[in-house]
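First comes the structure, then the notes that go with it.
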C-alpha cells in the first residue's frame, strides 16, 4: 500500500459540461494501487452538526477561464452559481456520508481534515486523504465524508460550483459498500 505525500492533478466537473482543473493538489493518499485487496479507512468519528456560514453567492452563468501560466482551467457550459461557505466541524466528529449538487474546492483554515470516499466508485472499499491547515484540494460532488480526528475544531472554507439556483448544502447519502 502506498503511504506518503501525493501530488497529482485533479479534474472536477460542474453540471453537464463544466470542468475545473487544479494543477497540483497536495495531500496524503492511502489506497491500494493494485485494487486486488482494499483497505478500510481508520474508524470514522461520530456524526456532529457542522456549523456553516454562507459568505457569498454569485451567478456566474456560463464561463470559461484558461490560464496558461498556471495551467488552471475552469469552465461551465451550463448556468452556474459560485458559493463561498465557511464551515466548522467539532473535535473528534464527522460530517456523515453526503454528496453535493456540484464540485468544490476546499481550503483547510485550521486543523486537519480527513476525507473518506469510495475507492474509484467500484464498491471495493474506500480511500482516504488527509489535508493539513493551509492546504487545499478539489473534489467532485460524489459521496464522501469529512472527519476531524483532532481535539480542536476543524475550520475549512469551500468554494462550490453548483447549477444555477441549487443549494450547496450536503445531500445525505448511504455509506458506500465496503467503507
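Residue numbers (the working numbering): 377 to 555.
C-beta atoms are modelled at their ideal positions from N, C-alpha and C, and glycine is treated no differently.
TODO: Flag this pair as touching only if the region 527 to 535 and the region 474 to 487 have three or more C-beta atom pairs under 8 angstroms; answer yes or no.
DONE: With the rule of 3 Cβ pairs closer than 8 angstroms, the region 527 to 535 counts as touching the region 474 to 487.
TODO: State yes or no: is the C-beta of residue 580 within less than 8 angstroms of the C-beta of residue 478?
DONE: Because residue 580 is not part of the residues shown, which for the chain are 377 to 555, the question remains open.
- [ ] Consult DSSP for residue 549 and reduce its assignment to one of helix, strand or coil.
- [x] coil
Task: N- and C-terminal bounds of the beta strand (DSSP E) containing residue 454 - done: 448 to 465
TODO: Buried or exposed for residue 465, please, with buried defined as at least 16 other CB atoms from any protein chain shown within 10 angstroms of its CB.
DONE: Buried, by the Cβ-count rule.
Task: Rounded separation between residue 492 and residue 453 - CA only - done: Distance between the alpha carbons of residue 492 and residue 453 is about 29 angstroms.
Task: Residue nearest to residue 417 in terms of C-alpha spacing, selected from 544, 502, 522, 460 - done: 502
- [ ] Return helix, strand or coil for residue 519, following the three-state DSSP convention.
- [x] coil
Task: Buried/exposed call for residue 422, threshold 16 Cβ in 10 Å - done: By the 10 Å Cβ count, residue 422 comes out exposed.
Open item on the list: Three Cβ pairs or more, each shorter than 8 angstroms: is that satisfied between the region 459 to 473 and the region 506 to 526?
Closed with: yes
Task: DSSP-derived helix/strand/coil call for residue 428 - done: If DSSP states are grouped into helix, strand and coil, residue 428 belongs with the strands.
- [ ] Below 8 angstroms on the Cβ atoms is my guess for residue 463 versus residue 509; work out the distance and round it to an integer in Å.
- [x] About 14 angstroms separates the two Cβ atoms, so there is no contact after all.
Task: Residues near residue 543 by beta carbon distance below 8 angstroms, same chain, minus five either side - done: 477
Task: Rounded straight-line distance, which links the Cα of residue 552 to that of residue 489 - done: 19 angstroms
Open item on the list: By the three-class DSSP mapping on this structure, what secondary structure does residue 535 have?
Closed with: strand
Open item on the list: Distance check for residue 437 and residue 451, CA to CA, integer angstroms please.
Closed with: 10 angstroms
- [ ] Measure from the alpha carbon of residue 547 to the alpha carbon of each residue in 555, 494, 472, then state which is nearest.
- [x] 472
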